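Numbering (this note's numbering), first residue to last: 410 to 588.
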């Protein structure tokens, strides 16, 4: 999964995404489903607000990783939320990006590809740390390998917890202390 995006490639993906959304809105309006069209527009507004909050964290590599994730053919779709808006988190952008990319790659490797897998990620800044709450809805084929990857990291992140909530729902909480 190459990450050497050119400006033209980024614009192509963005244009494709927006055209799909506009076609959804237009199709719903043409069928008289104005409430559905309004719901789609509200979702777009919320997503754009989250993108703005993500960009304001001043973690540019990390933001790029999240913003382009769903274009890369992973076995799971990513949704994220910045729980509290805060500018300029004092985290090492490269370390955070490398860890998150590694986590995404490992989750991609152990998740079942024929399922509609979704990873929901909440980012919650605290006084002296940032809490990342990952909720994975889908099928994990090799849970021991994922756990091994999560807990083998000695220095970064600072703390990890893992819990299987139900048959196809997993919760992973990761804590990164601020610099």
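C-beta atoms are modelled at their ideal positions from N, C-alpha and C, and glycine is treated no differently. Because the structure is a prediction, the values reported are computed rather than measured.
query, result
"6 Å CB neighbourhood of residue 410 in its chain, flanking five on each side removed", "Since pLDDT at residue 410 reaches only 40, below the 50 mark, its modelled position is unreliable, and the value read off the structure follows with that caveat. Within the same chain, residue 410 has close Cβ partners 481."
"8 Å contact criterion, which residue 546 and residue 578 should meet: CB distance rounded", "5 Å"
"Beta-carbon spacing of residue 519, residue 491 below 8 Å", "no"
"Residues that DSSP places opposite residue 581 in a beta bridge", "543, 571"
"Beta-carbon proximity list for residue 425, same chain, < 8 Å, skipping 5 on both sides", "none"
"Where residue 539 falls, given that 16 or more other Cβ within 10 Å makes a residue buried", "buried"
"Length of the line joining the Cα atoms of residue 431 and residue 513", "29 Å"
"Proximity below 8 Å, CB of residue 555 to CB of residue 515", "yes"
"Environment of residue 527 [buried if 16+ CB atoms lie within 10 Å]", "exposed"
"Among 543, 458, 571, nearest to residue 553 - alpha-carbon criterion", "571"
"Delimiting residues of the alpha helix (DSSP H) encompassing residue 528", "That residue, residue 528, is in no alpha helix (DSSP H); its beta strand (DSSP E) goes 526 to 534."
"CB of residue 489 within 8 Å of CB of residue 449, strictly", "no"
"Delimiting residues of the beta strand (DSSP E) encompassing residue 488", "485 to 491"
"Continuous alpha helix (DSSP H) stretch holding residue 464: start and end", "443 to 465"
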